[in-house]
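S.K.: Those protein sequences? They're chains L and S, same order as listed.
Numbering-wise (the working numbering), the first sequence opens with residue 1 and increments by one.
Numbering-wise (the working numbering), the second sequence opens with residue 446 and increments by one.
Protein chains: 2
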Amino acid sequence: MIPNSNIKISAIRGSFLDFIADPFFYPELETVRYIDDGLMIVSAGIIQELDTYDRLKPKYPEISVTSYPGMLILPGFVDIHVHYPQTEIIGSYGKQLLEWLNKYTFPTEGKLKDKSYAKKIASFFLEQLLENGTTTALVLTTVYPQSVDALFEEAKKRNMRIIAGKMLMDRNAPDYLLDTPETSYEDSKKLIQKWHGQGRLLYAITPRFAITSTSEQLHLAGVLKQEFPDVYLHTHLSEQQQEVELVAQLFPNSKDYLDVYDKFGLVTNKSIFAHSIYLSDYEFKRLSEADSNIAFCPTSNLFLGSGLFQIHRAKSEQNQVQVGLGTDVGGGTSFSMFKTDNEAYKIAQLQGQNLSSLKAFYLATLGGAKSLNLDDKIGNFNAGKEADLVVLNPRVTPLLKLRNERNKSHSVINIVDELFALTILGDERAVKATYVAGNLTLLAH
Amino acid sequence: MIPNSNIKISAIRGSFLDFIADPFFYPELETVRYIDDGLMIVSAGIIQELDTYDRLKPKYPEISVTSYPGMLILPGFVDIHVHYPQTEIIGSYGKQLLEWLNKYTFPTEGKLKDKSYAKKIASFFLEQLLENGTTTALVLTTVYPQSVDALFEEAKKRNMRIIAGKMLMDRNAPDYLLDTPETSYEDSKKLIQKWHGQGRLLYAITPRFAITSTSEQLHLAGVLKQEFPDVYLHTHLSEQQQEVELVAQLFPNSKDYLDVYDKFGLVTNKSIFAHSIYLSDYEFKRLSEADSNIAFCPTSNLFLGSGLFQIHRAKSEQNQVQVGLGTDVGGGTSFSMFKTDNEAYKIAQLQGQNLSSLKAFYLATLGGAKSLNLDDKIGNFNAGKEADLVVLNPRVTPLLKLRNERNKSHSVINIVDELFALTILGDERAVKATYVAGNLTLLAH
């Protein structure tokens, strides 16, 4: 279908790679779609079609083509757990989770009460995402509604798929960061009505975690989720042992950590639980039944000494749980999905497991999209999806060039190896360009 | 002392930071020397003096000064375990140690039989070191003497402090990589006579590890070490559990893995043992008594899933063992000491320990120099030492700039925090210049 001529239409030529199924459950090479010399037609921000250049070009004889020779084009990356207010405290020294919150996080979140400051940080944060090829993110904010407005306003300017919500916290934090069950309910409701479904923006009800919310607050979060079943629920789960023990003390009537949320109706198919390191079999089973989702945050789990997420348990045949990747900046140490994949691989290796590059990039693209129930809109290159793309240079540094000399031919096996080299050696320099809904952000590196 | 006028003399101005003691054993801030506005006088590659600019400049009224405003100048980094032939297989997928050797390492080492190929790789490798601010390295080669010549020839051109030696392997490897006890002895002896003490070059007798050397070969390595007590002994120790078990089978009469080497006189104050992850208390005690040294290789230990090195055991009061850092490329995933420190920090965190940035940079500079018994020549800025320096830009990326906004003043506490940010967020882009024995390599980034 050739679109109406007054709609903006563009064409991108290059090597395209995306996923059509989950490589954790199907033979890997059957889950990947690779077109060595492809042409993608984009109209009004939507992928119209993608095929080989030779087959498609004759249909569009007049179209001007943007070519990326030697590059690999993937779906834009999806980061399903990241704290924008913590951008400036990335790489802060010396603490594990609970102390880290007190020493670094809370004072920094307090600064975002000032909306103009929040806007400055939100803008910087979104530019960092784009620099790293990330086009969709599920983002934590602060307790202040204006910090949510700041993020959504900046995201709207860039037409990015951002999901976020006001942080709910009514205890165990400094006074200046506390709301109440009632204000958290009212403020969240107003924000949902204002932002959910505005352009590409979506809302997530966001209790920080069980330690900083009373039962009353979690109850009202559940009420809100019932009133707006279409919004997300985003929180932390079972990140460190000390935290798990404290949650057990605070909620003595809950069977386990997940059950705290479950009792309030917060364990749903649109719920995303970050970390999920110390889960029992029962908790995995319950997440699987509820079709809930886990954000695996490798760089953060190592940096805060949290522990080793067992992805093989989430990706088991019996208790399958959808998993995506979170950079978890500022507990995480990078906005880069390459570095996130790098440390995901290392966490697997420490447990005697392998995480292939196809699995790793699946998590960073279609896996992330599925975790957000957005795989009808993003995550791969199916016609009709939004044209979020990242253009990668697998030979951007002298070391990557030497390392990838063995991949002279463009067989899929070689491409898979190039992607692995990117996960181990790559950073934002390898991101040549990022497309958001068809619009190009050309990057300086 | 103003040197003779026909000797090349130069002056560098900037913020200098180095160590004068071990921060693992002394109050950290007493082990570091920081000069905010310093001047270093270098003559014939040797540090003549370093003091504040105000005090020193009047002594050298005519001297032309190279200034690095906003930069931090540290001693050149010391990498005490790295395989130059494996540069091209960095980031190769999916194996743990023993399989990794068979699948990737051995075939690649075979290519270095061709000396011109070895020269090409050696040259690339040394440039990578300089790009990353590393001026001294203890390097593994291959079984072929010409691969040692290739490295030393290239290092000599650059006047770098490189220590290396022919790999000894007479079993459990492909035929094309095997020597014999006799040829390994003879070839090593010739190489020692040719290279040890030539300019800044030094020799290390290098049995790969107990699995690939027979008792006869280890015996002759010990004989050689006695004949040339001044050379180094460099090998691997206790990297993975499967390896430890195999060594126990191969050497049933040895008490433990270290004892295999000890029986042949290879546990000395100039011995460097890479990894040392699964050591008993007895082995730590023996290493301490013998004044031996450990190369801690964080990125490799995670990438190959080897395990978590317990630096707190090596740095205990009772059994103190000197420790330096090894990038261990190609099992390691980066030539960067920042990235190495980053993952060292994470390994400590996973064990509930903290590794401060001062400890981390001590390991990368004076700690490494002490591990090589070279602290009379390199490792800090004492007058009379060789002028190996690295000039760092702690604000080289937008993210580092934002992160380091909190360090507006140049107090030592702020500098320590900037260094920590570099270990977490830095890479070779932060290396503005590297000086090798006073000679400047200005880097493009």
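C-beta: ideal position from N, C-alpha, C; glycine also.
Any heavy atom of the ligand FAD closer than 6 angstroms to the Cβ of Ile-413 of chain L?
M.R.: This structure lacks the ligand FAD, and indeed carries no ligand of any kind.
S.K.: Identify the residues that DSSP records as bridge partners of Arg-603 of chain S: which are they?
M.R.: Within the second sequence, the letter at position 158 stands for residue 603 of chain S. Answer by DSSP bridge pairing: none, since Arg-603 of chain S is not bridged.
S.K.: In the segment 66-91 of chain L, which residues sit with their C-beta less than 8 angstroms from some C-beta in chain S, listed in chain order?
M.R.: Thr-87, Glu-88, Ile-89, Ile-90, Gly-91
S.K.: List, in order along the chain, the chain S residues whose C-beta lies closer than 7 angstroms to that of Asn-102 of chain L?
M.R.: Within the first sequence, residue 102 of chain L is the residue found at index 102, counting from 1. Under the 7 angstroms cutoff, chain S gives no residues; its nearest Cβ is about 16 angstroms from Asn-102 of chain L.
S.K.: Chain L beta carbons: is any one of them nearer than 7 angstroms to that of Lys-760 of chain S?
M.R.: Translated into the one-based positions of the second sequence, residue 760 of chain S becomes position 315. No, Lys-760 of chain S does not count as interfacial toward chain L.
S.K.: Is any beta-carbon of chain S found at less than 7 angstroms from that of Arg-13 of chain L?
M.R.: Taking the first residue of the first sequence as 1, we reach residue 13 of chain L at position 13. Judged by the 7 angstroms Cβ criterion, Arg-13 of chain L is not in contact with chain S.
S.K.: Taking a contact to mean a Cβ-Cβ separation below 7 angstroms, would you say Ser-716 of chain S touches Ser-737 of chain S in this structure?
M.R.: Here residue 716 of chain S corresponds to residue number 271 of the second sequence, with the count starting at 1. Here residue 737 of chain S corresponds to residue number 292 of the second sequence, with the count starting at 1. Yes, the pair counts as a contact, with Cβ atoms nearer than the cut-off.
S.K.: Report the CB separation of Leu-669 of chain S from Lys-634 of chain S in whole angstroms; it is logged as a contact under 8 angstroms.
M.R.: Along the second sequence, read from residue 1 onward, the residue named residue 669 of chain S stands at position 224. Along the second sequence, read from residue 1 onward, the residue named residue 634 of chain S stands at position 189. The pair is a contact, with the Cβ atoms about 6 angstroms apart (cut-off 8 angstroms).
S.K.: Can you tell me whether DSSP reads Ile-535 of chain S as helix, strand or coil?
M.R.: As a first step, residue 535 of chain S is located in the second sequence; it is residue number 90 there, counting from the start. Three-state result, Ile-535 of chain S: coil.
S.K.: Could you give the uninterrupted runs of the beta strand (DSSP E) lying entirely in the segment 522-585 of chain S, keeping only those of 3 residues or more?
M.R.: Counting whole runs of 3 or more residues, the segment 522-585 of chain S contains the beta strand (DSSP E) stretches 522-528, 579-585.
S.K.: Would you decide whether Glu-831 of chain S is buried or exposed? Buried here means 16 or more other CB atoms lie within 10 Å of its CB.
M.R.: Within the second sequence, the letter at position 386 stands for residue 831 of chain S. Buried, because 16 or more other Cβ atoms sit within 10 Å of the Cβ of Glu-831 of chain S.
S.K.: Going by other Cβ atoms of all chains shown within 10 Å of its Cβ, with 16 needed for buried, is Phe-25 of chain L buried or exposed?
M.R.: As a working note, residue 25 of chain L is residue 25 in the first sequence. With fewer than 16 other Cβ atoms within 10 Å, it is exposed.
S.K.: Just to confirm my understanding: we take Lys-929 of chain S, look at its own chain, exclude 5 residues before and 5 after, and list those with CB closer than 8 angstroms. What are they?
M.R.: Because chain S spans 446 through 890 in this model, residue 929 of chain S falls outside it and cannot be assessed.
S.K.: Please check if any C-beta of chain L sits within less than 7 angstroms of the C-beta of Phe-570 of chain S.
M.R.: Here residue 570 of chain S refers to the residue found at position 125 of the second sequence. Closer than 7 angstroms: no.
S.K.: Given a limit of 9 angstroms on CB to CB distance, which residues of the segment 782-797 of chain S reach chain B?
M.R.: Reference to chain B is not applicable here, since the protein chains of this structure are L and S.
S.K.: Decide if Ser-280 of chain L is buried, meaning its Cβ has at least 16 other Cβ atoms within 10 Å, or exposed.
M.R.: As a first step, residue 280 of chain L must be located in the first sequence, where it is residue number 280. With fewer than 16 Cβ atoms within 10 Å of its Cβ, Ser-280 of chain L is classed as exposed.
S.K.: Listed from N- to C-terminal order along the chain, which residues in the segment 420-437 of chain L have their beta-carbon within a distance smaller than 7 angstroms of any beta-carbon of chain S?
M.R.: Near chain S, meaning a CB-to-CB distance below 7 angstroms, the residues of the segment 420-437 of chain L are Phe-420, Ala-421, Ile-424, Leu-425, Asp-427.
S.K.: From this set, S:His-757, S:His-526, S:Leu-800, S:Ile-457, which residue's C-alpha is nearest Tyr-677 of chain S's C-alpha?
M.R.: Numbered from 1 along the second sequence, position 232 holds the residue referred to as residue 677 of chain S. Across the set S:His-757, S:His-526, S:Leu-800, S:Ile-457, the C-alpha of S:His-526 shows the shortest separation from the C-alpha of Tyr-677 of chain S.
S.K.: Which residue marks the beginning of the alpha helix (DSSP H) containing Ile-192 of chain L, and which one marks its end?
M.R.: Numbered from its first residue, the first sequence carries residue 192 of chain L at position 192. Residues 181-195.
S.K.: In chain L, which residues lie less than 8 angstroms from Thr-778 of chain S when you measure between Cβ atoms?
M.R.: In the second sequence, counting from the first residue as 1, residue 778 of chain S sits at position 333. Residues of chain L passing the Cβ test: Asn-342, Ile-424, Leu-425.
S.K.: I'd like the ranges of any beta strand (DSSP E) spanning at least 3 consecutive residues and lying wholly in the segment 303-354 of chain L.
M.R.: 322-325
S.K.: How is Thr-587 of chain S classed by DSSP in three states: helix, strand or coil?
M.R.: Looking up residue 587 of chain S in the second sequence gives position 142. Of the three classes helix, strand and coil, the one that applies to Thr-587 of chain S here is coil, per DSSP.
S.K.: I'd like to check one pair, Pro-85 of chain L with Thr-142 of chain L: are the Cβ atoms closer than 7 angstroms?
M.R.: As a first step, residue 142 of chain L is located in the first sequence; it is residue number 142 there, counting from the start. As a first step, residue 85 of chain L is located in the first sequence; it is residue number 85 there, counting from the start. Yes.
S.K.: Can a CB atom of chain S be found closer than 7 angstroms to the CB of Tyr-362 of chain L?
M.R.: In the first sequence, the residue the question calls residue 362 of chain L occupies position 362. Residue contact with chain S for Tyr-362 of chain L: absent (no Cβ-Cβ distance below 7 angstroms to any residue of chain S).
S.K.: Would the beta-carbon of Ile-121 of chain L fall within 7 angstroms of that of Tyr-104 of chain L?
M.R.: Numbered from 1 along the first sequence, position 121 holds the residue referred to as residue 121 of chain L. Numbered from 1 along the first sequence, position 104 holds the residue referred to as residue 104 of chain L. Not closer than 7 angstroms, so no.
S.K.: Using three-state DSSP, classify Ser-660 of chain S as helix, strand or coil.
M.R.: Your numbering for residue 660 of chain S matches position 215 in the second sequence. Three-state DSSP puts Ser-660 of chain S in a helix.
S.K.: Consider the Cβ of Tyr-538 of chain S: report whether some Cβ of chain L lies at a distance smaller than 7 angstroms.
M.R.: As a first step, residue 538 of chain S must be located in the second sequence, where it is residue number 93. Chain L contact via Cβ: present.
S.K.: Any beta-carbon of chain S closer than 7 angstroms to the one on Gly-330 of chain L?
M.R.: Taking the first sequence and counting its residues from 1, one reaches residue 330 of chain L at position 330. Gly-330 of chain L does not count as touching chain S.
S.K.: For Ala-336 of chain L, does the count of other Cβ atoms within 10 angstroms reach 16, so buried, or fall short, so exposed?
M.R.: Within the first sequence, numbered from 1, the residue matching residue 336 of chain L stands at position 336. In the sequence as displayed, the identity of residue 336 of chain L is Ser instead of Ala. Buried: at least 16 other Cβ atoms inside 10 Å.
S.K.: What's the gap between the Cα of Leu-623 of chain S and the Cα of Gly-829 of chain S?
M.R.: The residue given as residue 623 of chain S occupies position 178 in the second sequence. The residue given as residue 829 of chain S occupies position 384 in the second sequence. Near 43 angstroms, if we compare the C-alpha coordinates of Gly-829 of chain S and Leu-623 of chain S.
S.K.: Name, please, each residue of chain L whose Cβ falls closer than 8 angstroms to the Cβ of Gln-573 of chain S.
M.R.: Here residue 573 of chain S is taken as the residue at index 128 of the second sequence, counted from 1. Taking a Cβ-Cβ cut-off of 8 angstroms, the neighbours of Gln-573 of chain S in chain L comprise Pro-398, Leu-399, given in sequence order.
S.K.: From Ser-371 of chain L to Ser-116 of chain L, what does the alpha carbon distance come to, in whole angstroms?
M.R.: In the first sequence, counting from the first residue as 1, residue 371 of chain L sits at position 371. In the first sequence, counting from the first residue as 1, residue 116 of chain L sits at position 116. Roughly 32 angstroms separates the two Cα atoms.
S.K.: Taking the alpha helix (DSSP H) that Ser-802 of chain S belongs to, which residues open and close that run?
M.R.: If you number the second sequence from 1, residue 802 of chain S lands on position 357. Residues 802-807.
S.K.: Mind checking the segment 469-499 of chain S against chain L and listing, in chain order, the residues whose C-beta falls within less than 7 angstroms of any C-beta there?
M.R.: The segment 469-499 of chain S vs chain L, Cβ under 7 angstroms: nothing.
S.K.: Tyr-257 of chain L: buried (16+ other C-beta within 10 angstroms of its C-beta) or exposed?
M.R.: Residue numbering aside, residue 257 of chain L sits at position 257 when the first sequence is read from its first letter. Buried: at least 16 other Cβ atoms inside 10 Å.
S.K.: So if I threshold CB-CB distances at 8 angstroms, which residues from the segment 381-395 of chain L count as touching chain S?
M.R.: none
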